[in-house]
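Asks:
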Amino acid sequence: MTPLSVPQTDQASTVRVGLDVGGTKTDAVALDAHDSLVARIRLPTQPGAAGVLETIRTALRGLTDQCAAGDVRSIGIGMPGQVDPGGSVVRHAVNLGLQDLDLRELLERVTAVPVSVENDVKAAALGAYALRGGVDEALGYLNLGTGVAAGAVLNGELWRGSAGVAGEIGHLSIDPTGPLCACGQRGCIEAYAGGGAVARRWGRPGAGAVHEVFDAAEAGDRWAQRMRGEIAWAVASAVRVLTLSLDVSTVVLGGGVAALGGRLLDPVAEVLEQEATASHFLASLRLADRVETLPAGSLAAAFGAALVGQRPH
Numbered sequence: 015m016t017p018l019s020v021p022q023t024d025q026a027s028t029v030r031v032g033l034d035v036g037g038t039k040t041d042a043v044a045l046d047a048h049d050s051l052v053a054r055i056r057l058p059t060q061p062g063a064a065g066v067l068e069t070i071r072t073a074l075r076g077l078t079d080q081c082a083a084g085d086v087r088s089i090g091i092g093m094p095g096q097v098d099p100g101g102s103v104v105r106h107a108v109n110l111g112l113q114d115l116d117l118r119e120l121l122e123r124v125t126a127v128p129v130s131v132e133n134d135v136k137a138a139a140l141g142a143y144a145l146r147g148g149v150d151e152a153l154g155y156l157n158l159g160t161g162v163a164a165g166a167v168l169n170g171e172l173w174r175g176s177a178g179v180a181g182e183i184g185h186l187s188i189d190p191t192g193p194l195c196a197c198g199q200r201g202c203i204e205a206y207a208g209g210g211a212v213a214r215r216w217g218r219p220g221a222g223a224v225h226e227v228f229d230a231a232e233a234g235d236r237w238a239q240r241m242r243g244e245i246a247w248a249v250a251s252a253v254r255v256l257t258l259s260l261d262v263s264t265v266v267l268g269g270g271v272a273a274l275g276g277r278l279l280d281p282v283a284e285v286l287e288q289e290a291t292a293s294h295f296l297a298s299l300r301l302a303d304r305v306e307t308l309p310a311g312s313l314a315a316a317f318g319a320a321l322v323g324q325r326p327h
């Protein structure tokens with residue numbers, strides 16, 4: 015592998031790079047010393063170890079071409095799958111065809127720049143926290159995509175758990191008689207609200223299945239209306255769990271499903287408000303007021319990855 019030359023000067027003129035490497039696309043950003051965006055790029059993700067490395071190298075070249083300084087101080091990468099607590103090895107990134115890849119070692123070898131790797135949802139949680147100005151002592155982030163997962167930022171720090179798998183809230187069963195989840199349990203949050211599970215239950219596979227369900231529900235389709243209600247109930251359950259377990263002041267919804275915006279947020283809030291009418295305790299928590307969605311096209315995951323890149327090894 016040919017080394018990628020990354021020029022280095024004093025820290026005042028350097029940038030921090032963050033990449034959100036997804037199954038189909040990669041978003042990359044460069045931030046200056048004041049956390050301001052100075053460059054961004056989006057490109058298709060090439061699968062496999064060699065493909066992911068080439069995708070990252072191409073993104074780095076594109077960013078340094080855009081930056082006036084062009085000097086990279088650190089690189090942070092958000093990846094699907096499990097990332098070891100040391101921020102180096104990626105495991106179980108099935109959609110990318112990666113298993114036990116020491117991504118940090120490989121990239122540091124060819125860039126001579128400090129690299130940190132983080133789970134993509136956790137990176138997005140940190141990005142959402144930063145983009146909100148760091149005003150939350152405890153913030154929860156709920157990623158609604160093909161699967162469902164969460165991240166939390168407590169007192170400005172990511173909560174990773176003992177083995178880096180904290181936040182797998184999608185596999186919390188909320189109905190033991192519900193639909194079978196890919197994890198083997200029944201009635202998981204993901205089995206109701208994950209895009210992949212929704213597509214299977216809807217019977218029309220595709221990345222836009224949840225949007226199709228909402229469109230059909232609004233057009234009067236009874237089955238779609240039932241599914242929409244179950245999606246809202248499952249998301250509301252995740253909000254309740256995050257709040258009751260971590261007392262987060264805000265739960266930010268992100269991911270492809272969250273792109274529905276108010277079409278999703280309104281029924282979720284309605285479920286939370288209905289539940290509050292039966293419980294003075296839940297009513298006192300005002301859960302519906304704690305939920306918001308990321309703006310469309312948000313770069314929270316890549317932004318958070320750039321911040322992750324600063325952490326010491």
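Quick note, the numbering used here runs 14 ahead of the 1-based positions in the sequence shown. Heads up, the beta-carbon is just placed ideally off N, CA and C, and yes, glycines get one too.
To the nearest angstrom, how far is the alpha carbon of His-185 from that of Asp-79?
Replies: Taking the first residue of the sequence shown as 1, we reach residue 185 at position 171. Taking the first residue of the sequence shown as 1, we reach residue 79 at position 65. Going by the C-alpha atoms only, they are around 42 Å apart.
Asks: Give the straight-line distance between the Cα atoms of Gly-147 and Asp-49, rounded to the nearest whole angstrom.
Replies: Taking the first residue of the sequence shown as 1, we reach residue 147 at position 133. Taking the first residue of the sequence shown as 1, we reach residue 49 at position 35. In a straight line, the C-alpha of Gly-147 is about 11 Å away from that of Asp-49.
Asks: Use the C-beta contact count for Gly-181: other C-beta atoms within 10 angstroms, 16 or more gives buried, fewer gives exposed.
Replies: For the purposes of this step, residue 181 is taken as the residue at position 167 of the sequence shown. Result: buried.
Asks: With a cut-off of 8 Å, do at least 3 Cβ pairs link the region 164-184 to the region 130-150?
Replies: At 8 Å Cβ cutoff, the stretches touch.
Asks: DSSP state of Thr-307, grouped into three classes?
Replies: What you label residue 307 is simply residue 293 of the sequence shown in a count that begins at 1. Residue state, collapsed to three classes: strand.
Asks: By Cβ distance, which residues of its chain are closer than 6 Å to Gly-76, with the 5 residues on each side in sequence left out?
Replies: For the purposes of this step, residue 76 is identified with residue 62 of the sequence shown, where counting begins at 1. The residues are Ile-55.
Asks: The alpha helix (DSSP H) that contains Arg-174, what's its start and end?
Replies: Position 160 of the sequence shown, counting from 1, holds the residue named residue 174. Neither: Arg-174 is in no alpha helix (DSSP H) and is coded neither H nor E.
Asks: How far does the alpha helix (DSSP H) with Thr-160 in it reach, from first residue to last?
Replies: Here residue 160 refers to the residue found at position 146 when the sequence shown is read from its first residue. Careful: Thr-160 lies outside any alpha helix (DSSP H) and carries neither H nor E.
Asks: CA-CA distance, Met-329 and Val-124?
Replies: Nothing in the structure corresponds to residue 329, since the chain is present only between 15 and 327.
Asks: Less than 8 Å separating the beta-carbons of Val-355 and Leu-313?
Replies: Past the boundaries of the shown model lies residue 355; the chain is included only from 15 to 327, so the question cannot be answered.
Asks: Closer than 6 Å by C-beta to Arg-118: which residues in its own chain qualify, once you throw out the five before and the five after it? Chain order, please.
Replies: Numbered from its first residue, the sequence shown carries residue 118 at position 104. Here the set comprises Ser-102, Val-129 and Val-131.
Asks: Taking 8 Å as the cut-off, does the region 250-269 touch the region 277-284 (at least 3 CB pairs, one atom from each stretch)?
Replies: Yes, they touch.
Asks: Buried or exposed for Asp-24, going by 16 or more other Cβ atoms inside 10 Å?
Replies: Position 10 of the sequence shown, counting from 1, holds the residue named residue 24. Low confidence applies to Asp-24: its pLDDT is 41, below 50, so where it sits in the model is not reliable enough to give any reading.
Asks: Give a yes or no on contact between the region 303-322 and the region 270-277, applying the rule of three or more CB pairs nearer than 8 Å.
Replies: A contact exists between the region 303-322 and the region 270-277.
Asks: Taking only runs that begin and end inside the region 84-162, name each unbroken beta strand (DSSP E) of 3 or more residues, in chain order.
Replies: The qualifying runs are 85-93, 103-105, 129-133 and 152-158.
Asks: For Gly-318, which residues in the same chain have their Cβ closer than 6 Å to its Cβ, ignoring the five residues on either side in sequence?
Replies: On the sequence shown, position 304 is the one that residue 318 refers to. Same-chain partners within the cutoff: Ala-137, Ala-138, Leu-140 and Gly-141.
Asks: Pull up the distance between the alpha-carbon of Gln-324 and that of Val-29, whole angstroms please.
Replies: Against the sequence shown, residue 324 aligns to sequence position 310. Against the sequence shown, residue 29 aligns to sequence position 15. Using only the alpha carbons, I get a separation of about 11 Å.
Asks: Any idea what DSSP makes of Ser-19, helix, strand or coil?
Replies: Position 5 of the sequence shown, counted from the start, is the residue given in the question as residue 19. Bear in mind that the predicted position of Ser-19 carries a pLDDT of just 37, short of 50, making it unreliable; the figure below should be weighed with that in mind. Of the three classes helix, strand and coil, the one that applies to Ser-19 here is coil, per DSSP.
Asks: List the residues that DSSP assigns as beta-bridge partners of Cys-202.
Replies: Along the sequence shown, read from residue 1 onward, the residue named residue 202 stands at position 188. Its beta-bridge partners are Ser-187.
Asks: Between which two residues does the beta strand (DSSP E) holding Arg-30 run?
Replies: To locate residue 30, count along the sequence shown from 1; it is residue 16. First-last of the beta strand (DSSP E) with Arg-30: 28-35.
Asks: Go ahead and pull the three-state DSSP assignment for Asp-24.
Replies: In the sequence shown, the residue the question calls residue 24 occupies position 10. At Asp-24, the pLDDT of 41 sits below 50, so the modelled position is not reliable; the number obtained from the coordinates is stated separately. Coil.
Asks: Just verifying my parser: in three-state terms, what is the DSSP assignment at Leu-67?
Replies: As a working note, residue 67 is residue 53 in the sequence shown. The answer is helix: DSSP assigns Leu-67 an H, G or I state.
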